[in-house]
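S.K.: Structure in structure tokens, see below.
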Amino acid sequence: FMSAHFFVAKAGPFRSVALGDYSICMGQGLIQWQGYSPSKGADAIMIKKFSPVISAYRSAGECNFYRGAAMMLPVKGFTITGFFSFRRWDARAVFDSVTGAPMYVTSVSYSGLHRTASERAGRSLLNRISWGGCIQREVLGWKLGVNVVDHHQDIPIVPADEIQNLFYWRGKELHNISFDYAKTMENFHLFGELASSDGFSLAWIQGLLVSLGREAEISILYRNISDRKSTRLNSSHANISYAVF
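What follows is the structure, given as structure tokens:
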């Protein structure tokens, strides 16, 4: 596995530019998050995700990044970010018995291992184009953002008929959009994100951080994720909880 990147901050009119392998984090991760994701612990503030929108990819893993170009540009009070990626993914596929061509993919492999004949047959089998971006602005103390992510691939995903795949996305395309917000008011910090995928499956995350002094903090986190199921194998409907790549 080889990875390379070129990353520069504050280059002319651009706030940041990335070429090669990079990661994208938007909102609170309902539709897009490739950075560090903290878990619950003693620190109350850890319920909220923090990360730059664009980061150079420096990890050893072979999956959790995009490959292409991304840039962030301030324009008249707005901050506009856009990215484009093309990657080839390992996948487990069902092949046509006559032509030998892949008919559909049952799962995408994230291990990076090619030990067996089936793993080698699925190496770099799936071509996926991903693109999207976000527009951010601060209004009256509110930090607001609109995020969009689209994925297109050449072979449809048709997961195995198993309970853990009940709400997994199917088809060749996946479209996601979300709106995130945050505001600090004295000792209170309010944040959240509302997202939608194909078929109007909705997800909402709402958080509140309260500082009561040096020795006490309160954190409240509410999550509501749609359980809407895709009924057509050739559709791109998805449960939003599976929309992060």
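17 is the number of the first residue of the sequence shown in our numbering; add one for each residue after it.
Glycine included, C-beta positions come from ideal geometry on N, C-alpha and C.
Source: prediction; values computed, not measured.
(1) Measure the CB-CB distance between Arg108 and Thr122 and report whether it falls below 7 Å.
(2) So what does DSSP say about Ile63, is it helix, strand or coil?
(3) Classify Met18 as buried or exposed, calling it buried when 16 or more other Cβ atoms lie within 10 Å of its own Cβ.
(4) Assuming Phe100 and Tyr38 are in contact, meaning their beta carbons sit under 8 Å apart, how far apart are those beta carbons, in whole angstroms?
(5) Might you give, ordered along the chain, the residues of its own chain that have their beta carbon closer than 6 Å to the beta carbon of Ser71, omitting 5 neighbours on each side?
(6) Count the CB pairs spanning the region 153–161 and the region 192–203 that are closer than 8 Å, and state whether there are at least three.
(7) Is the Cβ-Cβ distance between Leu35 and Ala117 less than 7 Å?
(8) Can you grab the Cα-Cα spacing for the pair Val114 / Leu46, in whole Å?
(9) Mind checking whether Trp105 and Arg136 have CB atoms under 7 Å apart?
(10) So what does DSSP say about Gln169, is it helix, strand or coil?
(11) Would you call Met88 buried or exposed, if buried means 16 or more other Cβ atoms sit within 10 Å of its Cβ?
(12) If you measure from the beta carbon of Phe204 to each beta carbon in chain C, is any gap under 7 Å?
(13) Taking its Cβ as the centre, do 16 or more other Cβ atoms sit within 10 Å of Asn203, making it buried, or is it exposed?
(14) Among residues of its own chain, excluding the 5 on either side of Leu210, which ones have a beta-carbon nearer than 7 Å to its beta-carbon?
(15) With 16 as the cutoff for other CB atoms within 10 Å, does Pro175 come out buried or exposed?
(16) Taking DSSP as the reference, what is the three-state secondary structure of Asp177?
(17) Would DSSP call Ser140 helix, strand or coil?
(18) For my contact list, Leu218 and Ser242 are in at a C-beta cut-off of 8 Å; report their separation, rounded to the angstrom.
(19) Do you know whose CA, among Val24, Ala20 and Pro172, lies nearest Gly77's CA?
(20) Below 6 Å CB to CB, which residues in the same chain sit around Ala25 once its five sequence neighbours on both sides are set aside?
(21) My output table needs one value for Ser117: the three-state DSSP class, helix, strand or coil.
(22) Apart from the five residues just before and just after His130, which ones in its own chain have a Cβ nearer than 7 Å to its Cβ?
(23) Cβ atoms of His167 and Ser146: under 7 Å apart, would you say?
(24) Of the choices Trp185, Arg230, Glu231 and Gly223, whose alpha-carbon is the least far from that of Leu237?
M.R.: Short version:
(1) Translated into positions along the sequence shown, residue 108 becomes position 92. Translated into positions along the sequence shown, residue 122 becomes position 106. Yes. Within cutoff.
(2) Taking the sequence shown and counting its residues from 1, the one referred to as residue 63 is at position 47. Looking at Ile63 - three-state DSSP - the assignment turns out to be helix.
(3) For the purposes of this step, residue 18 is identified with residue 2 of the sequence shown, where counting begins at 1. Classification of Met18: exposed, given that the 10 Å Cβ count is below 16.
(4) Numbered from its first residue, the sequence shown carries residue 100 at position 84. Numbered from its first residue, the sequence shown carries residue 38 at position 22. Not really, about 11 Å apart at Cβ, beyond 8 Å.
(5) In the sequence shown, counting from the first residue as 1, residue 71 sits at position 55. Closer than 6 Å at Cβ, skipping near neighbours: Ser39.
(6) yes
(7) For the purposes of this step, residue 35 is taken as residue 19 along the sequence shown, with counting starting at 1. For the purposes of this step, residue 117 is taken as residue 101 along the sequence shown, with counting starting at 1. In this structure, Ala117 does not lie closer than 7 Å to Leu35 by Cβ.
(8) Within the sequence shown, numbered from 1, the residue matching residue 114 stands at position 98. Within the sequence shown, numbered from 1, the residue matching residue 46 stands at position 30. So the two alpha carbons sit approximately 41 Å from each other.
(9) Counted from its first residue, the sequence shown places residue 105 at position 89. Counted from its first residue, the sequence shown places residue 136 at position 120. No, Cβ-Cβ distance for Trp105 and Arg136 is not below 7 Å.
(10) Taking the first residue of the sequence shown as position 1, residue 169 is located at position 153. Strand.
(11) Reading the sequence shown from its first residue, position 72 is the one you call residue 88. By the neighbour-count rule (16 or more Cβ atoms within 10 Å), Met88 is buried.
(12) No chain C is part of this structure, which consists of one protein chain only.
(13) Within the sequence shown, the letter at position 187 stands for residue 203. Exposed is the call here.
(14) Within the sequence shown, the letter at position 194 stands for residue 210. Result list for Leu210: Ser194, Phe195 and Trp220, in chain order.
(15) The count along the sequence shown starts at 1 and reaches residue 175 at position 159. So Pro175 ends up on the buried side.
(16) For the purposes of this step, residue 177 is taken as the residue at position 161 of the sequence shown. The answer is coil: DSSP assigns Asp177 none of H, G, I, E or B.
(17) Position 124 of the sequence shown, counting from 1, holds the residue named residue 140. Coil.
(18) Looking up residue 218 in the sequence shown gives position 202. Looking up residue 242 in the sequence shown gives position 226. About 5 Å separates the two Cβ atoms, so the contact holds.
(19) Within the sequence shown, residue 77 is the residue found at index 61, counting from 1. It is Ala20 whose Cα lies nearest to the Cα of Gly77.
(20) Indexing the sequence shown from 1 puts residue 25 at position 9. Around Ala25: Ser32.
(21) Taking the sequence shown and counting its residues from 1, the one referred to as residue 117 is at position 101. It should be pointed out that residue 117 corresponds to Ala in this sequence rather than to Ser. Note: Ala117 maps to coil in three-state DSSP.
(22) Position 114 of the sequence shown, counted from the start, is the residue given in the question as residue 130. Arg136 and Arg139, listed in sequence order.
(23) Reading the sequence shown from its first residue, position 130 is the one you call residue 146. Reading the sequence shown from its first residue, position 151 is the one you call residue 167. It is a contact, given that the beta carbons lie within the stated cut-off.
(24) Locating residue 237 in the sequence shown gives position 221, where the first residue counts as 1. Considering only alpha carbons, the answer is Gly223.
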